[in-house]
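S.K.: Numbering-wise (full-length UniProt numbering), the sequence shown opens with residue 1 and increments by one.
Yeah, the Cβ is synthetic: ideal placement off N, Cα and C, and Gly gets one too.
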Amino acid sequence: MTEEFIADALEKLALVGVMIGFALVVAMYSTWAERKVAAFLQDRIGPNRAGIFGLLQPLADGLKLFSKEEITPKDSNKFLFILGPSLAMIVACMTGAVIPWSTAFEIGDRVVVPQIADVNIGFLYILGVLSLGVYGIMIGAWASNNKYSLMGGLRAASQIISYELPMGIVLITVLMMTGSLRLSDIVHYQQDHAWFIILQPVGFIIFLVCSFAETNRTPFDLPEAENELVGGYHSEYSSMKMGFFLFAEYINMFISSVVISTLYFGGYDIPFVDEAKLAESIGMNWVSVLNFLSLFGKSCFFIFFYMWVRWTIPRFRYDQLMNLGWKKLLPLALINMLITGLVILLLNK
């Protein structure tokens, strides 16, 4: 193996480690933020005992999960019972591999692009990995040998199928306009033209609603509806196996926010700033930091939005959930795609 190959491999391994570590930290403090947002909306204080402003509360929660008793139901499938939450966690961490986190920066003589894999099927990879996440839920639900858990797993599967269709169709409109599946090309297109929130507002709304369903967040948290299914697919789980399911949900919420920001809000693009001129004055590395902070700031807004909706809108009935997906969002996504194609055809004449 050449030195260049070894250097590239070490660079990618470092990027993988940083991305997973960062996603875990964000997911950990999203639990703290969720409680603070809920407390604010309900006129309460929220966590305030563990550390300043309760900032050590996620560490206390992690210690609690680690120290709880590990319970495996007697009649469950032991191997699949452990595989379910493990698969959910692994798949959640895989999603961010194709996201361009910022512009390139320099380390010595080496230029590093903060993107693990700039593949030419970028958002198809994201759709594929997101659809794999439900396997962890279904395997864990079936292995629990619990009727409530099984019902939660079935709900999760039908929900993912129902909402991935309109999500995929609105992504086709992005492909039609950019001519590329690479997320980096989509970001560059928005830098050169306009953000897709302006060019595809209907597509953004559909994608946002589908993202709530994909991440099992309220009002689409039917797979774990505690008033109907006790706890749904994770009813039989305890300790860190339960923690894996919870962490996977928060990592999915973070990555989903990053994907929304990348596809519809210019990704790491800083609005009204000429980044080439800025790099000449403050250097490539500082521009890379500012680009990353721009993407992270947009993502934090959507994380807050997820939490805001959770504590504002009540849970749907299951028939309402399916009707919205098949009878409203799917036809709307098809109409949006046809109109986009017509406009592109007329403009290119």
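Mind checking which residues open and close the alpha helix (DSSP H) that includes Val-112?
M.R.: Locating residue 112 in the sequence shown gives position 112, counting from the first residue. Here Val-112 belongs to no alpha helix (DSSP H); instead the beta strand (DSSP E) covers 110-112.
S.K.: To the nearest angstrom, how far is it from the Cα of Ile-121 to the Cα of Arg-182?
M.R.: Counting from 1 along the sequence shown, the entry for residue 121 is found at position 121. Counting from 1 along the sequence shown, the entry for residue 182 is found at position 182. Spanning the two alpha carbons is a distance of roughly 6 Å.
S.K.: Which residues does DSSP pair with Phe-105 in a beta bridge?
M.R.: In the sequence shown, counting from the first residue as 1, residue 105 sits at position 105. Per DSSP, Val-112.
S.K.: Can you round the beta-carbon distance between Leu-295 and Val-258 to whole angstroms, since I take them to be within the 8 Å contact cut?
M.R.: As a working mapping, residue 295 is identified with position 295 in the sequence shown. As a working mapping, residue 258 is identified with position 258 in the sequence shown. Their Cβ separation, rounded to whole angstroms, is 7 Å, which keeps Leu-295 and Val-258 in contact under 8 Å.
S.K.: Ala-156 and Ile-137 look like a contact to me (Cβ under 8 Å); what is the Cβ gap, rounded to whole Å?
M.R.: If you number the sequence shown from 1, residue 156 lands on position 156. If you number the sequence shown from 1, residue 137 lands on position 137. 5 Å between Cβ atoms; contact.
S.K.: Would you check if the segment 305-318 and the segment 129-144 touch, i.e. whether three or more CB-CB distances between them fall below 8 Å?
M.R.: Not touching, per the Cβ criterion.
S.K.: With DSSP run on the structure shown, which of helix, strand or coil describes Ile-270?
M.R.: Working through the sequence shown from its first residue, we reach residue 270 at position 270. Note: Ile-270 maps to coil in three-state DSSP.
S.K.: I need the boundaries of the alpha helix (DSSP H) containing Asp-192, first residue and last residue.
M.R.: Counting from 1 along the sequence shown, the entry for residue 192 is found at position 192. Where Asp-192 is concerned, the enclosing alpha helix (DSSP H) stretches over 183-192.
S.K.: Give a yes or no on contact between the segment 140-148 and the segment 70-86, applying the rule of three or more CB pairs nearer than 8 Å.
M.R.: The segment 140-148 vs the segment 70-86: in contact.
S.K.: Going by Cα to Cα distance, which pick from Tyr-189, Gly-168, Ile-186 is closest to Glu-214?
M.R.: Taking the sequence shown and counting its residues from 1, one reaches residue 214 at position 214. Considering only alpha carbons, the answer is Gly-168.
S.K.: How far does the alpha helix (DSSP H) with Asn-252 in it reach, from first residue to last?
M.R.: Taking the first residue of the sequence shown as 1, we reach residue 252 at position 252. Start and end: 239-264.
S.K.: For the candidate residues Lys-327, Leu-171, Val-98, whose alpha-carbon lies nearest to that of Ser-162?
M.R.: Locating residue 162 in the sequence shown gives position 162, where the first residue counts as 1. Closest option to Ser-162, Cα to Cα, is Lys-327.
S.K.: In terms of residues, what are the limits of the alpha helix (DSSP H) holding Tyr-29?
M.R.: As a position in the sequence shown, residue 29 is number 29, starting the count at 1. 3-41 is the extent of the alpha helix (DSSP H) around Tyr-29.
S.K.: Out of curiosity, what's the CA-to-CA distance linking Cys-210 and Ile-99?
M.R.: Position 210 of the sequence shown, counted from the start, is the residue given in the question as residue 210. Position 99 of the sequence shown, counted from the start, is the residue given in the question as residue 99. Going by the C-alpha atoms only, they are around 19 Å apart.
S.K.: Who are the Cβ neighbours of Tyr-318 in its own chain at under 6 Å, not counting the five residues just before and after it?
M.R.: Residue 318 sits at position 318 when you count from the first residue of the sequence shown. Leu-222.
S.K.: Taking the Cβ atom as the reference point for each residue, do Ala-104 and Ser-288 lie within a distance shorter than 9 Å?
M.R.: Residue 104 sits at position 104 when you count from the first residue of the sequence shown. Residue 288 sits at position 288 when you count from the first residue of the sequence shown. It is a contact, given that the beta carbons lie within the stated cut-off.
S.K.: Please return the same chain residues whose Cβ sits closer than 6 Å to the Cβ of Val-113, not counting the five positions on each side in sequence.
M.R.: The residue you call residue 113 lines up with position 113 of the sequence shown. If we look at Val-113 and ignore the five residues flanking it on each side, its Cβ neighbours are Ala-104.
S.K.: Taking the runs of the alpha helix (DSSP H) that are 4 residues or longer, which of them lie wholly in the segment 289-325?
M.R.: Listed in chain order, they are 318-323.
S.K.: Sorted by chain position, which residues of the same chain lie with C-beta nearer than 8 Å to Ile-344's C-beta, five sequence neighbours on each side aside?
M.R.: Position 344 of the sequence shown, counted from the start, is the residue given in the question as residue 344. So the qualifying residues of the chain are Met-176, Met-177.
S.K.: Starting from Pro-73, follow the alpha helix (DSSP H) in both directions and report where the run begins and ends.
M.R.: Along the sequence shown, one-based indexing puts residue 73 at 73. Element bounds for Pro-73: n/a, residue is neither H nor E.
S.K.: Are the CB atoms of Ala-248 and Ala-97 nearer to each other than 9 Å?
M.R.: Position 248 of the sequence shown, counted from the start, is the residue given in the question as residue 248. Position 97 of the sequence shown, counted from the start, is the residue given in the question as residue 97. Contact: no.
S.K.: With 16 other CB atoms within 10 Å as the buried threshold, where does Trp-286 fall?
M.R.: For this step, residue 286 is matched to residue 286 along the sequence shown. By the 10 Å Cβ count, Trp-286 comes out exposed.
S.K.: How would you label Arg-35, buried or exposed, when you count the other beta carbons within 10 angstroms and need 16 or more for buried?
M.R.: Sequence index remark: in the sequence shown, residue 35 carries index 35 (1-based). So Arg-35 ends up on the buried side.
S.K.: If Met-337 and Thr-95 are in contact, beta carbons under 8 Å, what's the gap, nearest whole angstrom?
M.R.: Numbered from 1 along the sequence shown, position 337 holds the residue referred to as residue 337. Numbered from 1 along the sequence shown, position 95 holds the residue referred to as residue 95. With 8 Å as the limit, Met-337 and Thr-95 do not qualify as a contact, their Cβ atoms being about 24 Å apart.
S.K.: Rounded to the nearest angstrom, what separates Gly-283 and Leu-290 at their Cα positions?
M.R.: Locating residue 283 in the sequence shown gives position 283, where the first residue counts as 1. Locating residue 290 in the sequence shown gives position 290, where the first residue counts as 1. The straight-line gap from Cα to Cα measures roughly 11 Å.
S.K.: Rank Thr-218, Ser-239, Ser-235, Tyr-264 by C-alpha distance to the C-alpha of Ile-186 and give the top, closest one.
M.R.: One-based indexing of the sequence shown puts residue 186 at position 186. The residue with the shortest Cα to Cα distance from Ile-186 is Tyr-264.
S.K.: Counting C-beta neighbours from all protein chains within 10 Å, is the total for Pro-219 16 or more, i.e. buried, or is it exposed?
M.R.: Residue numbering aside, residue 219 sits at position 219 when the sequence shown is read from its first letter. Answer is buried; the Cβ neighbour count reaches 16.
S.K.: Taking 9 Å as the cut-off, decide whether the C-beta atoms of Ala-7 and Arg-110 are in contact.
M.R.: Position 7 of the sequence shown holds residue 7. Position 110 of the sequence shown holds residue 110. In this structure, Arg-110 lies closer than 9 Å to Ala-7 by Cβ.
S.K.: Are at least three pairs of beta-carbons, each pair with one atom in the segment 232-240 and one in the segment 55-69, less than 8 Å apart?
M.R.: Yes, the segment 232-240 is in contact with the segment 55-69.
S.K.: When you compare the CB positions of Phe-212 and Gly-203, do they come within less than 9 Å of one another, or not?
M.R.: For the purposes of this step, residue 212 is taken as residue 212 along the sequence shown, with counting starting at 1. For the purposes of this step, residue 203 is taken as residue 203 along the sequence shown, with counting starting at 1. Not closer than 9 Å, so no.
S.K.: Go through its chain and collect everything with a Cβ distance to Ser-30's Cβ below 7 Å, but skip five positions before and after it.
M.R.: Residue mapping note: residue 30 aligns to position 30 of the sequence shown, counting from 1. For Ser-30, where only same-chain residues beyond five positions count, the Cβ hits under 7 Å are Tyr-250, Met-253, Phe-254, Ile-303.
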